[in-house]
Each structure stands twice: as structure tokens, then as C-alpha cells.
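Following: one structure in C-alpha cells, then a few remarks.
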Amino acid sequence: MKEVKHYINGQYVGSASGRMFDNINPATGEVISQVHEAGEAEVDAAVKAARAALKGPWSKMTIDQRSKILHAVADGINARFDEFLEAECADTGKPKSLASHIDIPRGAANFKVFADMVKNVATEAFEMATPDGTGALNYAVRRPKGVIGVISPWNLPLLLMTWKVGPALACGNTVVVKPSEETPTTTALLGEVMKDAGVPDGVFNVVQGYGGDSAGAFLTAHPDVDGYTFTGETRTGELIMQNAAKGVRDISLELGGKNAGIVFADCDMDKAIEGTMRSAFANCGQVCLGTERVYVERSIFDEFVSRLKVEAEKLVIGPPDDAAANLGPLISQKQRDKVLSYYQQAVNDGATVVTGGGIPDMPDALKNGSWIQPTIWTGLSDDSAVINEEIFGPCCHIQPFDSEEEAIAQANRLPYGLASAIWTENLSRAARVAGQVEAGIVWVNSWFLRDLRTAFGGSKQSGIGREGGEHSLEFYTELKNICLKL
Ligand code: NAD
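Under UniProt numbering, the residue at position 336 of the sequence shown is numbered 336, and the numbers go up by one with no gaps.
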């Protein structure tokens with residue numbers, strides 16, 4: 001059976017303890033590999049390698065040289081596109097049609113964008129007067145933060161991990177990455193690409209394992225890491241923050257959400273339906289930016305619900321290789337149990353199940369996969385957990401509203417503030433509502449339209465800090481002011 005190992009100081013290594021766990025393909029339920037689980041010894045070795053590499057050739061390279069190497073990493077991913085695609089789809093079960101357009105190309109693009117950005121971003125300078133009349137010049141320089149611990153989730157494994165590793169390396173840091181235990185393979189494969197691209201040993205390290213009481217916790221407790229960037233659940237973010245507090249280490253947290261879509265009667269209905277379909281069901285609903293709460297102006301409510309139902313029922317559930325499939329399985333049986341518990345809760349709370357609500361009938365070869373039906377509800381009241389807690393499955397609840405104020409109040413009702421999508425052809429209203437919605441990212445008449453130069457992150461319990469564009473440089477560098485007396 002294939003083994004997935006750690007990548008430490010330029011070498012693939014197993015765990016000294018010999019501990020391994022199963023990597024399961026969620027489309028079939030088959031074990032596809034054995035993954036080494038890092039103990040404290042492997043995590044420590046990876047951090048030491050990253051620390052040592054900070055003083056090695058990586059730190060002596062010019063920005064141009066580093067940038068060139070990161071372009072080679074992106075080219076290396078593209079050159080092995082099919083291998084990355086195969087591995088990502090085996091780990092997640094997602095349709096190849098999706099991963100070939102989003103996960104893998106974005107994984108490569110994340111290196112190019114930041115490799116170019118670091119070459120072009122200026123820092124500040126201030127001239128100042130001094131009593132002796134000669135003056136002084138303040139100017140700022142950026143320095144790498146140091147060793148960065150990167151902890152990533154399973155929903156968009158390569159994409160979300162490189163979203164952090166790309167800028168971290170572009171800024172001259174070294175990294176220790178802990179991918180999700182559900183999706184270890186593409187991060188492991190990236191080690192080979194790094195080596196071939198000329199990234200010096202120790203700059204990029206990977207430790208495999210679980211979160212609590214395993215590789216994730218060991219990494220966040222390690223005293224020699226200078227900062228952590230994490231994407232995952234809000235509760236995990238809290239734990240990581242507690243560990244990072246020891247030694248006053250910096251953190252960037254991209255956390256959960258319970259995002260609202262707001263559909264006004266003056267929207268372009270075709271666009272609103274198409275966008276809401278993607279935002280609720282893309283990646284089997286396992287997108288942090290997805291819309292699980294849809295608020296629709298009452299005059300178009302019935303039409304919207306019936307049109308969304310028709311579209312949801314057209315979704316084709318199937319395995320990665322099925323070219324017609326646009327809905328894969330959930331990541332695991334555990335996640336399916338969680339999502340199904342909300343499906344049951346919705347019924348208990350008196351929801352009208354517009355469509356779905358259960359497990360689809362699949363052919364024998366796929367019977368053990370974590371398949372689930374796309375589901376739409378109406379009729380829940382605001383106190384139902386189904387519309388207050390993040391489900392992270394292919395589902396949404398649709399609720400009518402009567403005024404702009406009510407829609408905004410509903411969108412802002414929860415302690416999350418990640419993303420929102422507003423559908424209206426009235427741009428004054430769009431700007432007015434977007435300005436008042438409490439979210440880090442607001443789309444108007446679109447969803448998941450991403451410009452990598454823009455700020456990305458959540459407000460309230462959806463995160464701390466912003467990554468993307470120059471905002472990533474803020475986190476991955478220390479800005480040093482030099483005051484030069486003239
Ligand atoms: P998760 O928090 O369970 O796990 C994320 C990572 O943290 C994994 O690598 C896991 O092993 C690790 N981890 C878990 N417990 C840990 C601990 N105690 N110490 C250190 N590491 C630990 O999240 P998930 O289930 O993998 O991902 C889904 C969640 O991620 C959802 O809540 C989703 O909204 C969120 N998410 C947010 C964004 C965003 O940009 N805001 C993007 C994608 C996903």
C-alpha cells in the first residue's frame with residue numbers, strides 16, 4: 001500500500017513511532033494510502049530544519065532569485081497537473097471538472113501572484129525636521145517573520161495551503177505545513193516540486209497527522225515557531241490562538257462562517273439562481289464562503305424557491321472521473337453524519353424540505369462513499385440550529401424578507417462575518433447594503449469571483465487578519481523602521 005510521509009529538510013521520512021493512519025477515498029470508501037503520523041520528534045525536526053534554513057542560501061537570495069524559484073514551483077505544479085489532479089480527487093472525491101478548474105490551477109497561481117507582488121511593493125518613507133536643521137529620513141524595510149506554521153483544512157487542500165505557503169516563501173520565510181489528515185497527498189507531492197524547482201532544503205517542510213493531541217497541536221505548541229497561519233473551524237482557531245499566545249506569536253486565522261445571500265426583487269433572477277446554486281452546492285457545499293442562509297424578498301420568494309429546486313434537482317452526483325458529475329461526496333463518513341444530523345434537525349424543527357434531505361441511491365461500487373443529497377429547506381424559525389450553525393454541506397435554507405433593513409439585520413444576526421452575496425440590479429442599493437453587511441467579503445451579483453490582490457478574511461468569529469495581495473505581506477513580514485539622522 002502506498003505510504004504518505006513527512007517532508008523534512010528536503011527528505012521524505014516516516015515516523016519514528018511507526019504510527020500510521022488510513023487515507024480514505026470518500027467516493028468509494030476505499031483505503032488509498034497509509035499516512036505517517038508525526039509525533040513531537042518529527043515536528044521538532046521540521047521546525048529545526050526550517051529554523052536552520054532561515055540562515056541558509058534562502059536568506060541570501062535576492063528577491064528576483066526567490067521569485068524565479070517560486071515561478072518554477074508554479075510551473076512544476078502545472079507540469080505535473082494530472083498527478084496533482086488525480087491525488088486531490090482521490091483524497092476528496094471531488095469532480096475532476098471542478099478541481100481542474102479551481103484547485104490545481106489556483107494552487108499554481110498562488111505562487112506566481114506572490115512571487116510577482118514582492119518585487120513590486122514599496123514601503124513607506126518620511127522625511128523629518130530635527131532641531132539642528134539637518135533633518136532625518138525614516139524609511140521602512142520588510143524582513144521575513146521567520147518560521148511560519150501553516151495549518152490547513154481539507155475542503156480545498158492544495159489551494160488553501162498554497163494560499164499561505166506562496167506568500168510566506170515569497171517574503172523569505174521558511175514553513176512547516178500540517179495539512180489536514182483527510183487530505184495529505186498533494187501537500188506531500190509539493191515537496192518533490194519544491195526540490196525540483198530549487199527551493200533549498202529546510203525551507204518547505206511537511207508534517208502529517210491529526211490536529212488535537214497530534215501533529216497540529218505539537219506544531220502550535222512548539223516554542224520556536226514565529227507565527228501561525230490557520231484555515232479551519234472557529235473552535236480550532238481558538239485553540240491555536242491559545243497556544244500561539246505563549247511567546248506572543250502572531251496569528252492569521254481564516255475561520256468558519258454562516259454566510260447570507262440577499263436576493264432583492266429587482267435582481268436579475270437568472271444570475272441570482274445561478275450564483276446561489278454555486279454558492280450553496282459547489283464542492284458539495286464544503287466552501288467556507290458558501291451561502292447556507294438565503295434571504296429573498298417576499299414578492300419573488302415562491303418563484304425563487306421553485307427555480308432553485310429545479311436547478312438543485314438537475315445536479316449530477318458522481319465520482320471524480322464522471323465528466324457529467326458536478327456534485328461529489330462529503331469528505332468523510334464523519335462529516336456526513338454531522339450533515340445528516342442537521343438534515344434530521346431541520347425536520348424536527350418543522351422545516352419544509354423543498355428537495356433532498358437524505359442519502360442518494362448510488363451504484364454498488366460507490367455504496368461506501370459519503371454521498372449526500374443536495375438539500376433546500378424553507379420555513380425554519382430563527383432559533384433553529386440549522387440556520388445558526390455552520391453545516392458545511394450541500395444545503396441552504398431560504399427565508400422571505402420584507403424590507404432592506406430586515407435583510408441586513410438577518411445577515412448580521414450571527415457571530416460570524418465571513419462572506420455575503422447580494423443580488424440586485426439597483427447599484428445604489430447594492431452599495432448601501434454591502435456597506436452595512438458585517439462580513440469581510442461581499443459580492444454583488446456574483447459569488448467566488450476572486451482577485452488575488454484583494455483582502456481576504458472574515459470579521460467577528462470568522463477570523464483575524466486579512467491575507468491576499470499586500471495584506472499577505474503585512475502578516476508574513478516584519479516591517480522595520482530605520483531612522484537615519486542626516
Ligand atoms: P478543522 O479546524 O477541523 O481542521 C483544520 C486543520 O486544523 C486540520 O489540519 C486539522 O488537523 C487541524 N487541527 C484540528 N485541531 C487542531 C488543534 N487542536 N491544534 C492544531 N491543529 C488542529 O477544519 P476542517 O474541518 O478541516 O475545515 C472546515 C472548516 O474550515 C470550516 O469551518 C470552514 O468554514 C473553515 N474554512 C475557512 C476558510 C476561510 O478562509 N475562512 C476556508 C476554508 C475552510
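Idealized CB from N, CA, C, for every residue including glycine.
Between D268 and A365, the alpha-carbon positions lie close to 42 Å from each other. Nearest Cα to N412 within the set Q461, T378, I372: Q461. Following the DSSP letters along the chain, one finds A419 in no alpha helix (DSSP H) but inside the beta strand (DSSP E) bounded by residues 419-423. Following the DSSP letters along the chain, one finds W443 inside the beta strand (DSSP E) bounded by residues 441-444. Ligand 1 never approaches G350 closely enough for any of its heavy atoms to be under 7 Å from the residue's Cβ. Between T375 and I398 a beta carbon distance of about 11 Å is seen, past the 8 Å cut, so the two are scored as non-contacting. Of T477, E467, K485, E478, the smallest CA-CA separation from M161 is found for E467. Within 10 angstroms of the beta-carbon of M117 lie 16 or more other beta-carbons, which makes it buried.
Considering only A419, M241, F448, the residue with the shortest C-alpha distance to S459 is A419. G328 is positioned such that its CB atom lies closer than 8 Å to that of A27. L479 sits in a strand when the DSSP states are folded into three classes. Taking the Cβ atoms as the reference, T291 lies roughly 14 Å from G256, outside the contact range of under 8 Å. The segment 300-320 makes contact with the segment 273-280, as at least three CB pairs between them are under 8 Å. Beta-bridge analysis with DSSP links N9 to no other residue. The C-alpha of G133 is placed about 59 Å away from the C-alpha of H6. For secondary structure counted as the beta strand (DSSP E) over 3 or more consecutive residues, the segment 375-403 holds these complete runs in sequence order: 375-378, 395-401. For the set F230, L484, F304, the Cα lying nearest the Cα of G463 is the one of F230. Ligand 1 never approaches K460 closely enough for any of its heavy atoms to be under 7 Å from the residue's Cβ.
In this structure, L449 has its beta carbon at no less than 7 Å from each heavy atom of ligand 1. Comparing alpha-carbon positions, the option among I422, T92, D82 lying closest to I441 turns out to be I422. Inter-residue distance for V347 and V13 is about 49 Å (C-alpha atoms, whole angstroms).
Of the heavy atoms belonging to ligand 1, at least one sits nearer than 7 Å to the Cβ of K178.
L158 sits close to D103, with the two beta carbons spaced by under 8 Å. Between A38 and G232 a beta carbon distance of about 18 Å is seen, past the 8 Å cut, so the two are scored as non-contacting.
Between N445 and D451, the alpha-carbon positions lie close to 15 Å from each other. Around the beta-carbon of L486, fewer than 16 other beta-carbon atoms lie within 10 Å, marking it exposed.
Straight across, the Cα-Cα distance linking N110 with E124 is about 26 Å. By the CB criterion at 8 Å, I8 and N326 fall outside the cutoff. Within the model, the alpha-carbon separation for R249 versus A45 is close to 20 Å. Nearest Cα to E313 within the set F401, A50, C395, R19: C395.
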